[in-house]
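Position 55 of the sequence shown, counting from 1, maps to 55 under full-length UniProt numbering, and the rest follow consecutively. Glycine included, every Cβ here is placed at the ideal spot set by N, Cα and C. Bear in mind that the values here come from a model prediction, so they are computed numbers and not experimental data. Here is the structure we will look at, set down as structure tokens.
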Amino acid sequence: MITPFEVTLSEPVPYFYKLLVHPSVSPVPKSAVEKFGDKWTQPANIVTNGAYKLKNWVVNERIVLERNPQYWDNAKTVINQVTYLPISSEVTDVNRYRSGEIDMTYNNMPIELFQKLKKEIPNEVRVDPLFVYLLLRN
1 MITPFEVTLS
11 EPVPYFYKLL
21 VHPSVSPVPK
31 SAVEKFGDKW
41 TQPANIVTNG
51 AYKLKNWVVN
61 ERIVLERNPQ
71 YWDNAKTVIN
81 QVTYLPISSE
91 VTDVNRYRSG
101 EIDMTYNNMP
111 IELFQKLKKE
121 IPNEVRVDPL
131 FVYLLLRN
């Protein structure tokens, strides 16, 4: 069942509706938060509805997601596990990609580095509409 809710702003914010697509504004089951308190985001407690569910999260080290067998289109989910590695340095990020340690990266990088990579590996460098450079291994 969908429960509508209303937001009242203290002043006009013309771009407010655009903010609602950010993951931090995703709805959270009240029952899960009430049941688990500040531990509702732990892998065993968190409620998800996407193709993947949280398996492990080591803050500032990695986030591991695994296929969600409850996902409505699970049969078409072909990747069994995804690992996110937070990398604070653009150079380290690119080096890990080029060495094969990571398969892809979204990272803002200096334009000089982007231009260099675009020349060296043109089929692997993309720019998406959010102005993020993407290196993707086929």
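Contact fails between the stretch 39-54 and the stretch 15-23, because fewer than three Cβ pairs, one in each stretch, are under 8 angstroms apart. By DSSP's assignment, L65 forms a beta bridge with L54, V82. Here M109 is buried, its C-beta having at least 16 other C-beta atoms within 10 Å. Straight-line measurement puts the Cα of S26 at about 17 angstroms from the Cα of Y15.
Look at V28 here: in three-state DSSP terms it is coil, with no helix or strand label. Annotation: the continuous alpha helix (DSSP H) that includes N95 extends over 90-98. Looking at K30, V64, Y97, F5, the one whose alpha-carbon comes closest to that of N80 is V64. One alpha carbon belongs to R98, the other to K116, and they sit about 13 angstroms apart. Distance from the CA atom of P69 to the CA atom of L113, rounded to whole angstroms, is 40 angstroms. By alpha-carbon distance to V91, the top candidate from T77, Y106, T83, V47 is Y106. Per the coordinates, the alpha-carbon of S31 lies some 41 angstroms from the alpha-carbon of R126.
By a beta-carbon distance limit of 8 angstroms, N74 contacts R67. Their separation comes to about 7 angstroms.
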